[in-house]
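In what follows, a structure is listed as structure tokens, so that the remarks can point back to it.
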Amino acid sequence: MSASHQLEVSAIDESGSTLSLSSAKLKSATAMGLRKGSGSAFVIPLSGLSPGKHELCLSFADRPEFVFPLSLVKESTGLTPRFEGAPPVCCPRIEKSIDTSGGATKHVFNLTFRLAKSHSEVLLVAGWDFSGGANNIAYCESYRDDLYTGTTYRTGAKANITKRIGDATVVTTFDFKTGNRSRAMKGSSGWFEMDRVLQGTVKTHLGNYKTPANVQKRYLDNSISIKHVYDYIIELGSKAPGALKEFHIFSHAWAGGPILVETYEAPLYDDGGARAAQRDPNDKDPRLKDFDPINMPRLKEFKAAFASDAIAKVWGCMATTIYRNLIRAIALAKSDTEKISFDWVSGKETLPAGDAKKYLQQTIMRSTYMARLSAAVGGGLKVYGAPPGMGADLRSVPAGGKTHNYMYVNNFTYKREFDFLRKALGTVPDDTGYILF
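If you count the sequence shown from 1, you need to add 13 to reach our numbering.
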């Protein structure tokens, strides 16, 4: 009598308590139906399947679907499952047992996944550097590694930080250069990629941004957009409220938000257009109006995704020259009543320093993407971004056998502006030069 092979799949939390699986299935060329085994385990017969790559998909009531790529390898006794690459820390090995009860030989491969009691996730976005050669995914990866190890080199020297990624934390990355959304967990070596999914139907068109035809193609293509990021967060809030611990965007940026692929708004949707309140459906970049109910009808679920101690940060610049002109003029004033002059949008402006300071605080600071995101989520969400008028520098630190990559706002370049923000507004930057909005 030939031996049968089967997977037995279960999940537990950090304490060893059973997690309730809604379903477990093996996706392959032929979808396999599953039957529930004893207790909370699911049994997946391997007979009839073909050798090669498959995906083990685990569904829960209180978290997104977990996907674990497996290979079924043909051996003398039948198909044997193996993880694609180094296994995830949450399931470091596949235990094998042989059951000969009942006169038949049964090869059982047990996969027990140790996951977080409550789902935990970190979301990273890498914009495409359309005007240069920087690969923003490198900044995502360094930040991810820092949050796992609890150490960082972001100031140039090694320092301890709060560890925010555990063995069972899902790290989701949207890469606007490739157009992919990927999810990973810590692996026994490096990171274990759970899945990689193209957003939209085509990859980002990487043609030169100075050529109008290329800009138009990116605008019209059904490719990755900030809407894909928002929709992912909304679904996370619906499925696992409070799961999102950190949300970071590494890219070019301005006061209006991150610049992910440098698309545009058509006149109909731009300021003054008949549909100015609405998002342009072809526009791929974030806008200040994104969190208005007309553009985000599921704002409740979007807000629900964030943990009570969540952090969000827009890395990159806000190097708007007129903002820097304003700050430098205010900083030189000896009193709030002293009139100051500075170059502005339509030419030279003159007004009392106190009024200029109030405009900076109540209009400019509150009319940023960071401030809009913070107000939309509420609940004390800490949102950081570059100070008005300041640009970001890049830092690479070789240490520990690899290169660590960071963005930061240079305290020496903008010493005058930082001194003003501290003294006049009480605004203290973090260790990378970004401020809280």
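All residues carry an ideal CB built from backbone N, CA and C; glycine is no exception.
Exclusion of the five residues before and after T445 leaves R167 and Y421 as the residues of its chain whose Cβ lies within less than 6 Å of its Cβ. Taking the CA atoms as reference points, E21 sits about 26 Å from S195.
Counting every other CB atom within 10 Å of its CB across the protein chains shown gives S114 a total below 16, marking it as exposed. Here the alpha carbon of L32 sits roughly 15 Å from the alpha carbon of C70.
Measuring C-alpha to C-alpha distances from L85 to each of D112, K130, H18 and S133 identifies H18 as the nearest. If one requires a minimum length of 4 residues, the alpha helix (DSSP H) runs lying completely within the segment 157-236 are 225-233, in chain order. Beta-bridge partners assigned by DSSP to T445: none are found. Classified as buried, V228 has 16 or more neighbouring CB atoms from the shown chains inside 10 Å of its CB. Here E206 is buried. Its C-beta has 16 or more other C-beta atoms within 10 Å. DSSP places C153 in the helix class (H, G or I) of the three-state scheme. For Q19, DSSP records a beta bridge to P58 and V121. Burial state of R106 is exposed, judged by a 10 Å Cβ sphere holding fewer than 16 other Cβ atoms. Between Y447 and Y397, the CB-CB gap stays under 8 Å. The segment 147-159 makes no contact with the segment 88-104; the number of CB pairs closer than 8 Å stays below 3.
Annotation for G91: the continuous beta strand (DSSP E) segment containing it runs G91 to F96. Nearest Cα to F189 within the set P77, H218, H67 and A37: H218. Taken through DSSP and simplified to helix, strand or coil, S387 comes out as helix. Contact annotation: V327 and M383 have beta-carbon atoms nearer than 8 Å. Per DSSP, the beta-bridge partners of F260 are L136 and A325.
Looking at the backbone, the Cα of L438 and that of M309 are separated by about 33 Å. Straight-line spacing of the CA atoms in G367 and S387 works out to 26 Å. Here DSSP, grouped into helix, strand and coil, assigns A332 to coil.
If you ignore the 5 residues before and after L257, its C-beta comes within less than 7 Å of the C-beta of E134, L136, I246, L249, A318, F319, A320 and A323, all in its own chain and listed in chain order. When DSSP reads this structure, F304 sits in no beta bridge, so it has no partner.
Minimum Cα-Cα distance from D208 among the listed residues T185, A226 and K216 corresponds to T185.
Around the Cβ of S28, a 10 Å sphere holds fewer than 16 other Cβ atoms; the residue is exposed.
Put simply, the backbone Cα of T182 is about 22 Å away from that of L39. Residue state for T426 is assigned as coil, using DSSP reduced to three classes. Looking at the DSSP output, D406 bridges to Y421. The residues P77, in chain order, have a CB closer than 6 Å to that of K252 in the same chain once the five nearest residues on each side in sequence are set aside. When DSSP assignments are scanned along the segment 266-304, the uninterrupted stretches of beta strand (DSSP E) that are 3 or more residues long and fall wholly within it turn out to be 270-272. Within the DSSP bridge table, the entry for E108 names N123 as partners. Cβ-Cβ separation between D298 and G270: approximately 7 Å, consistent with a contact (criterion under 8 Å).
In the assembly as shown, L434 is a buried residue. Its beta-carbon has 16 or more other beta-carbons within 10 Å.
Listed as beta-bridge partners of S36 by DSSP are S72. Contact check for I307 against P401 fails: the beta carbons are separated by 8 Å or more.
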